[in-house]
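Residues in the sequence shown are numbered consecutively from 904, following our numbering. Beneath this line is the structure, given in structure tokens, with notes to follow.
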Amino acid sequence: MKLLGTPRSPYAWKARIVLEEKRIPYEYVIAPPADPESELPRYNPLGQIPVLVRDDGTTIYDSPVIVEYIDGLAPAPKLIPADFEHGIAVKRWQALGDGMIEAIVLLSRDEREPPAARRGADWTRNQESKIERGLAWMERDLGDRAFCHGDSFTLADISCGVALRYLERALPRFHWRSSFRTLAAHTMLLAERASFQVAIPKADG
Ligand SMILES: N[C@@H](CCC(=O)N[C@@H](CS)C(=O)NCC(=O)O)C(=O)O
């Protein structure tokens, strides 16, 4: 099995963390979507990463589908609870993390544009609000528990950890750690996990 991704893609980080946590052997292949020679569209018509290429050549995308597939390959550790309500709650954490990443990508891309090409204050504020509200909801839902959902490590923790690590990398001007201390402490613990260390390169490469 191969995972196509890049070291900068938070969605690929998420898929890779899940593979590492489940201890499923895979080959990691760097496949930058912007490369004009990219063969990605052969694997995913959307030309996006991550893509999981199975041994029989069939492919799986996008990241929520990949993680659900990988979680189903081995019984433990269970990253998406089998119970319907708990499974939905964990997937909602994923939807929030992925949605925040989308806003972070848009904002950081816009900030690299020349001033005349930028989208303007209202648009910027709208994207920033998504991130700020997301942080507040995450902090509230984490509460004083050791994990984002239930009493064990799940995809909820992975989604939260990946989104906030990406926020730190892509938009360092967001000084969220002092306002969201519980969340900040949780992400410090997550960053120590071997899976996070393998999947998220230290320097932005
Ligand atoms: N919903 C997708 C989003 C994937 C995505 O946006 N990937 C980015 C890299 S982080 C990409 O491939 N961008 C290139 C493009 O959209 O053309 C997922 O969760 O996998």
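Even for Gly, the Cβ is constructed at its ideal location relative to N, Cα and C.
- Shortest Cα-Cα distance from Leu1067 to any of Gly1037, Pro948, Ala1019 involves Gly1037.
- In the three-state DSSP reduction, Lys981 falls in the coil class, being neither helix nor strand.
- For Leu1092, there is no enclosing beta strand (DSSP E); the residue is part of the alpha helix (DSSP H) that begins and ends at 1084-1094.
- Counting only the Cα atoms, Thr1057 lies some 13 Å from Phe1099.
- Rounded to whole angstroms, the gap between the alpha carbons of Asp958 and Ile969 is 14 Å.
- In the same chain as Pro944, and ignoring 5 residues on each side of it, the C-beta atoms closer than 6 Å to its own belong to Gly950, in chain order.
- The continuous beta strand (DSSP E) containing Tyr931 extends over residues 930-933.
- Judged by DSSP in its simplified three-state form, Leu1038 adopts helix.
- Setting aside the 5 residues that flank it on each side, Phe1083 is surrounded in the same chain by Leu1038, Ala1039, Met1041, Glu1042, each with a C-beta closer than 8 Å to its C-beta; the list follows chain order.
- Exclusion of the five residues before and after Tyr914 leaves Pro953, Ser966 as the residues of its chain whose Cβ lies within less than 6 Å of its Cβ.
- Under the Cβ criterion (8 Å, minimum of three pairs), the stretch 1017-1028 does not count as touching the stretch 1044-1059.
- The DSSP-derived three-state label of Thr1027 is helix.
- Pairing Pro980 with Val993 gives a Cβ-Cβ distance that is not under 8 Å.
- The alpha-carbon of Arg995 is positioned some 21 Å away from that of Asn1029.
- When C-alpha distances from Pro936 are compared across Ile927, Leu907, Leu1009, the shortest belongs to Leu907.
- Between ligand 1 and Ile952, a heavy atom-to-CB distance of less than 7 Å is present.
- In this structure, Tyr964 has its CB closer than 7 Å to one or more heavy atoms of ligand 1.
- In the three-state reduction of the DSSP assignment, Lys925 falls in the helix class, which pools H, G and I.
- Look at Ser912: its beta carbon is less than 7 Å from one of the heavy atoms in ligand 1.
- Less than 8 Å divides the Cβ of Thr962 from the Cβ of Asn947.
- For Leu999, the closest of Val1065, Phe1050, Leu955, Lys1105 by C-alpha to C-alpha distance is Val1065.
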